[in-house]
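So the structure is just underneath, and the comments pick up after that.
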Amino acid sequence: MTLAQQLEFTLTAVLAQVLGESITAAVSPANDLRFGDYQSNAAMVLAKSRKMNPRALAEQIVGAWPADAIATVEIAGPGFINFRVKAEVYATRMQSAASDARLGVSPVAHPRTIVLDFSAPNVAKPMHIGHIRSTILGDSLSRIARFLGHKVITDNHIGDWGTQFGMVTWAWKNSLDEPALLANPLAELLRLYRHASDASKADESIREACRLELVKLQQGDAGNFAIWTRCLDLSKQGLQQIYQRLDVSFDHWLGESAYNNALAPLVQKLLEGNLARESDGAVCIFTDGSVADQTKDPFLIRRDGEWSDFPMMIRKSDGGFNYATTDIATLEFRKNEWNADSVWYVVDHRQSLHFQQLFAVAGRLGLASMDLRHIAFGTILGTDGKPLKTRAGDLPQLADVLDDSVAAARVAVNERSRLDTDEERAELAELIGISAVKFTELAHHRLSDYVFDLDKMVALEGDTAPYLFYSNVRSRSIFRKLEEPFVAGAPIELTEDAEIHLARLLARFAEVVPAVLDDCRPNILTSYLLEVARAFHSYFEACPVLKADGITRHSRLTLCHVTALTLATGLQLLGIAVPERM
Ligand code: ARG
0 MTLAQQLEFT
10 LTAVLAQVLG
20 ESITAAVSPA
30 NDLRFGDYQS
40 NAAMVLAKSR
50 KMNPRALAEQ
60 IVGAWPADAI
70 ATVEIAGPGF
80 INFRVKAEVY
90 ATRMQSAASD
100 ARLGVSPVAH
110 PRTIVLDFSA
120 PNVAKPMHIG
130 HIRSTILGDS
140 LSRIARFLGH
150 KVITDNHIGD
160 WGTQFGMVTW
170 AWKNSLDEPA
180 LLANPLAELL
190 RLYRHASDAS
200 KADESIREAC
210 RLELVKLQQG
220 DAGNFAIWTR
230 CLDLSKQGLQ
240 QIYQRLDVSF
250 DHWLGESAYN
260 NALAPLVQKL
270 LEGNLARESD
280 GAVCIFTDGS
290 VADQTKDPFL
300 IRRDGEWSDF
310 PMMIRKSDGG
320 FNYATTDIAT
330 LEFRKNEWNA
340 DSVWYVVDHR
350 QSLHFQQLFA
360 VAGRLGLASM
370 DLRHIAFGTI
380 LGTDGKPLKT
390 RAGDLPQLAD
400 VLDDSVAAAR
410 VAVNERSRLD
420 TDEERAELAE
430 LIGISAVKFT
440 ELAHHRLSDY
450 VFDLDKMVAL
460 EGDTAPYLFY
470 SNVRSRSIFR
480 KLEEPFVAGA
490 PIELTEDAEI
500 HLARLLARFA
510 EVVPAVLDDC
520 RPNILTSYLL
530 EVARAFHSYF
540 EACPVLKADG
550 ITRHSRLTLC
560 HVTALTLATG
570 LQLLGIAVPE
580 RM
């Protein structure tokens, strides 16, 4: 049980005694640690509905509060209750955390099957910086959900069946550079795509030629199919290299093409069930009028002061299927084959309307009980405050961004690192460069835009990955200077403010990790880790470890040990490995 849960438990018992009814009251972490560790507004809320004086009710609660509870209580303002957890309670928590790989985080009581749909770049098109947000966020959410005991299925739903293949196939037949393809497949495929895209903008007949290549592929032409297969293999290999560098992996790569055969029957089923109807030769899903507030109906749009239809198209008038059709088929598959309770889509906020429509359709198909979430995110900006672009004005490629970050880290490492060999420094720079990109992504509220400033991201000072690495290394370094062996698990005692404050934060790990999944916000964990690191440095300045002896020495070593474990475990849940030395 977390401390907050323990307090809720006691508060509920006290309320039963005072009010004579059983009421579950919520306790939350205090906003201002000067007044307590946890707080509750239960007296205010309950007094209001009972027409009582809140302060009087709070006084009754405090009067009935058991002396042997884990915290003491105080009333603040008009009737808030503040709880101060006893130092010995923190001491016991730290003692057990020191030899617990889960650091007090209990697995959830009811594990769910969660499908995480993330990364999902489009084959032969650039895997650009927008996909980086999805990849990093999704990977960290999958790690956290797994750690909490959920059954997680990660699926890379790549865009491997779009109109881009018409263009790539045309360019492949006209200007393929085979050696370049072998040397760097992603780059050559991208060049082909850009070449065809530019050419078809300039020349109508080329556009038509590309369209015909696509039709041939869709009709099963053997030659075009072979080109498509090869593009796909090469792209996957290229992507795999990037994922390996990022330490990201997927249980499945069921791209759009995996559902090709399901689309025609699906549209048929929707037509027969009157869930979709024909409109100007296309097949669409319209509003069913079930949403009372028109502003919240994703199938309506306001134009010139009038509400008009904004349907979801599932079959084009030329017979082709849409992104939406595939997504409905994919969702059904995930429900039927994988028994998914939840499907979480980590996708750019610009697709928000698409997902609102998809989830509404899911409801009409009888899937309303599923927990479907669009985990949206904003844009990455350059230091000029505009969406990040390369000098040539293109969308930056993920691999290049990683290289740039590693190069910036290399400069910082050369200036600051104590490592001797060039090899060790290069390895550290790679780790810092990748981690800096990940940490910066995860440290921002996912819906906000953020500025991509490499020098700040790799700096040792500031809210950065290297700062956490350094804190972790520092908390471990003391053990190397130790003459006696350190055996975690013996009782400890906390007396100094800095010790108690650090222990209080460390004990909160068990509350912070599950909270990340409430709204899928890893930045809750990053802020927490930075707070732990800052508290650790203050503690380390204030409380000598090696000069202390007896239980004080053991207690302080235990705090260093739990700090190191908490930082390493927290970073690992974000998909970031800590360096041994730096
Ligand atoms: N390939 C899409 C894109 O790059 C993202 C796919 C997200 N997943 C999904 N099930 N729609 O925009």
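To convert, note that position 109 of the sequence shown is 108 in numbering that gives the first Met the number 0; the numbers rise steadily by one, no gaps. We treat Cβ as the ideally placed atom computed from N, Cα and C, and that holds for glycine.
| Check | Outcome |
| --- | --- |
| Local conformation of Cys283 per DSSP, three classes | strand |
| Continuous beta strand (DSSP E) stretch holding Asp308: start and end | 305 to 308 |
| Coarse secondary structure for Val577, derived from DSSP in three states | coil |
| Sequence-ordered residues whose beta carbon comes within less than 7 Å of a heavy atom of the ligand ARG | Asp116, Ala119, Pro120, Asn121, His130, His156, Ile157, Gly158, Tyr322, Asp326, Thr329, Tyr344, Val346, Asp347, Gln350 |
| Cβ pair count under 8 Å reaching 3, the region 237 to 256 against the region 153 to 161 | yes |
| Buried/exposed call for Val446, threshold 16 Cβ in 10 Å | Here residue 446 is Leu; the residue named in the question, Val, does not match the sequence. Looking at its Cβ environment, which holds fewer than 16 other Cβ atoms inside 10 Å, Leu446 is exposed. |
| Interface flag, Val436 vs chain D, CB-CB below 8 Å | Absent here is chain D; the protein component of the structure consists of one chain. |
| Outcome for Arg580 when other beta-carbon atoms lying within 10 angstroms are tallied against a minimum of 16 | exposed |
| Helix, strand or coil at Thr153 according to DSSP, with G and I counted as helix | strand |
| Residues of its chain near Gly35, where Cβ-Cβ distance is below 6 Å and the 5 sequence neighbours each way are ignored | Ala29, Asn81, Phe82, Arg83 |
| Nearest-angstrom Cα separation, counted from Ile379 out to Arg390 | 16 Å |
| CB-CB length for Ile575 against Ser434, believed under 8 Å | 5 Å |
| Identity of the residue in His536, Asp347, Leu493 nearest Asp116 by Cα | Asp347 |
| Assigned secondary structure, Ala323 (DSSP; H/G/I helix, E/B strand, else coil) | helix |
| Secondary structure of Val544, DSSP reduced to three states | coil |
| 6 Å CB neighbourhood of Pro53 in its chain, flanking five on each side removed | Ala42, Met43, Ala46, Pro77, Gly78 |
| Cα-Cα separation between Gln236 and Ala182, rounded to whole angstroms | 12 Å |
| contact_flag[the region 157 to 174, the region 204 to 213] where n(CB pairs < 8 Å) is 3 or more | yes |
| Entirely enclosed beta strand (DSSP E) segments - the region 378 to 410, minimum 3 residues | none |
| Same chain only: Cβ atoms within 8 Å of Gln94, ignoring 5 sequence neighbours per side | Gly488, Ala489, Pro490, Ile491, Thr557 |
| Met311 classed as buried or exposed, judged by whether at least 16 other C-beta atoms fall within 10 angstroms | buried |
| Residue(s) in a DSSP beta bridge with Tyr37 | Pro28, Phe82 |
| Which of helix, strand or coil DSSP assigns to Val247 | coil |
| Proximal residues to Ile499 (C-beta, below 7 Å), its chain only, five neighbours per side dropped | Ala86, Tyr89, Leu493 |
| Of the listed residues Ile113, Asp419, Thr11, nearest to Ser341 (C-alpha basis) | Ile113 |
| Straight-line Cα distance separating Lys150 from Asp250 | 12 Å |
| Residue(s) in a DSSP beta bridge with Arg112 | According to the sequence as given, residue 112 is Thr; it is not Arg. The partner list for Thr112 (beta bridge, DSSP) reads Lys150. |
| Cα-Cα separation, Gln5 to Val511 | 16 Å |
| Complete alpha helix (DSSP H) runs within the region 435 to 506 (minimum length 4 residues, chain order) | 453 to 456, 464 to 476, 496 to 506 |
| Distance, Trp171 Cα to Gly129 Cα | 26 Å |
| For Glu422, three-class secondary structure by DSSP | helix |
| Touch test, the region 407 to 418 against the region 533 to 548, Cβ-Cβ under 8 Å, three pairs minimum | no |
| 8 Å Cβ cutoff met for Pro521 and Ser234 | no |
| Own chain partners of Ala428 with C-beta closer than 6 Å, once the 5 adjacent residues on each side are dropped | Val405, Ala408, Arg409, Val412 |
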